[in-house]
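The working numbering applies: residue 258 is where the sequence shown begins, and numbers increase by one.
Here's the structure, in structure tokens; my notes come after.
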Amino acid sequence: MCTTTAKTDGLVLFELALVFLCSAVSAYGQYQSADEAWRDAVKHLNARNYAASQEPLEAALRLAPDDAYRLKVYEALLPAYRLLPEPDKFVEACNVILTKSERDAQRSLTRRSLLAFMHQRGKTDQLAHDYEDALKKNPNDRTALYVLSELYGQLKPNPQRAAELIQRLARLDQQQGKAPNVAQSAELARQYLQAKRFVDGAALYEQIAPLDAKLAAWHWKEAAAAWLKAKEPAKALAAAKKAEASPPEARSEQLVHFFHRNLADVFLAVGEPKAAIPHYEKAIQTTTIPGYLEGCKKSLEEARAQVGG
């Protein structure tokens, strides 16, 4: 009796496995090429039916002719994988994009998405653990360095560790003959300031300021503020004057407001109230937020009083 039951159970398991295998073959076998699977997936993506897009996209992934095509598919899979109960596939897709993509913008966006996704699911610690393990196996794992530097800079604040990881990234880039990454260096400078390494932060901001004309004014302004915190008023004033002489900050009205407000604060702090006045006036013109307006108007009055005195 027991033997018969065992045979019956074995047959049932075999039949279930056969059904699963046939289903998988059917799912991927209906497409003759990656393009055909992709076109089917796009219909679902356009309708925002991301769950339905998963099957044809995974078929396109299996049939993809090269890495560039696979990157496109992995990026399209992220909304579908975001819906799954377990994060494994989402993390895997992000890892591929982060490792294989040569576009800084794509890698930055993917890193942001990965960190936000894992944070929302309460798995930030697990993500940190996994990438720290990857670094133990390969100290030059660029993807691990890239993700952890942001993770420790934002979600699990650890300025010293973040700065160390960004420095290691910069060394890897240098070894590979890449030009200095201004955004990466600016983040390193910011982490220096978070760690109260004001001189290091100021010096690095000054180093990168000439590398990008659109960001020069902002970086000189940041250098000036850092020198002020380092109790180096002469260097703060010199950096503030270079910020003022650079092409004007123009990325957004809010950034324009903070540029002028922060620069005015430096001028006022180093005993140059006359230089501070036009920047406070510009800061007032570029915000409608009551708290910001009140603070700027109070500082402007102080600057005018010092000039009048």
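No residue lacks a Cβ here, since even glycine has one placed at the ideal position from N, Cα and C.
Practice task
Within its chain, find whatever has a CB closer than 7 Å to the CB of Ala-473; leave out the 5 residues flanking it on each side and keep chain order.
Solution key: Ala-466, Pro-467, Ser-503, Pro-504
Exercise for the section: Determine the contact status of Ile-541 and Lys-554, defining contact as a CB-CB distance below 8 Å. Expected result: yes
Problem - Range of the contiguous alpha helix (DSSP H) that encloses Ser-370 - result: 361-377
Practice task
Select from Asp-345, Asp-430, Arg-305, Met-375 the residue whose C-alpha is nearest the C-alpha of Leu-412.
Solution key: Per the Cα distances, Met-375.
Problem - Arg-339 versus Phe-347 - alpha carbon distance - result: 6 Å
Exercise for the section: Can you tell me which of Phe-524, Gln-431, Ser-509, Ala-436 puts its alpha carbon nearest to the alpha carbon of Glu-479? Expected result: Phe-524
Exercise for the section: Return the CA-CA distance between Ala-440 and Asp-469, expressed in angstroms with no decimal places. Expected result: Inter-residue distance for Ala-440 and Asp-469 is about 10 Å (C-alpha atoms, whole angstroms).
Exercise for the section: Please go through the region 282-323 and give each complete alpha helix (DSSP H) segment of 4 or more residues, from N-terminal end onward. Expected result: 291-303, 307-320
Exercise for the section: Out of Glu-529, His-517, Arg-518, state which residue places its alpha-carbon closest to the alpha-carbon of Pro-490. Expected result: Glu-529
Practice task
Taking Gln-377 and Ala-337 to be in contact with their CB atoms under 8 Å, please state how far apart those CB atoms are, rounded to whole angstroms.
Solution key: Under the criterion of beta carbons closer than 8 Å, Gln-377 and Ala-337 do not qualify as touching, at roughly 17 Å.
Problem - Three-state class that DSSP yields for Ala-420 in the structure shown - result: Residue state, collapsed to three classes: helix.
Practice task
Might you give, ordered along the chain, the residues of its own chain that have their beta carbon closer than 6 Å to the beta carbon of Lys-486, omitting 5 neighbours on each side?
Solution key: Phe-455
Exercise for the section: Taking Arg-508 as part of the alpha helix (DSSP H), name the residues at either end of that continuous run. Expected result: Per DSSP, Arg-508 belongs to no alpha helix (DSSP H) and is neither H nor E.
Practice task
Can you say whether Ser-358 is buried or exposed, counting buried as having 16 or more other CB atoms within 10 angstroms of its CB?
Solution key: Buried, because 16 or more other Cβ atoms sit within 10 Å of the Cβ of Ser-358.
Problem - Start and end residues, alpha helix (DSSP H) containing Asp-630 - result: This structure cannot settle anything about residue 630, because the visible part of the chain is limited to 258 through 566.
Exercise for the section: Within its chain, find whatever has a CB closer than 7 Å to the CB of Leu-550; leave out the 5 residues flanking it on each side and keep chain order. Expected result: The beta carbon of Leu-550 sits closer than 7 Å to the beta carbons of Ile-541, Thr-544 from its chain, once the five residues preceding and following it are set aside; these are given in chain order.
Practice task
Reducing DSSP to helix, strand and coil, say where Gln-451 ends up.
Solution key: In the structure shown, Gln-451 falls within a helical segment according to DSSP collapsed to helix, strand and coil.
Handout entry: C-alpha distance - Arg-305 paired with Gln-383, whole-angstrom precision
Key = Here the alpha carbon of Arg-305 sits roughly 30 Å from the alpha carbon of Gln-383.
Exercise for the section: Determine the DSSP secondary structure at Ala-436, reduced to helix, strand or coil. Expected result: coil
Handout entry: Secondary structure of Val-564, DSSP reduced to three states
Key = Here Val-564 sits in helix by DSSP.
Practice task
Specify the secondary structure class of Asp-398 as computed by DSSP and reduced to three states.
Solution key: coil
Exercise for the section: Consult DSSP for Pro-344 and reduce its assignment to one of helix, strand or coil. Expected result: coil
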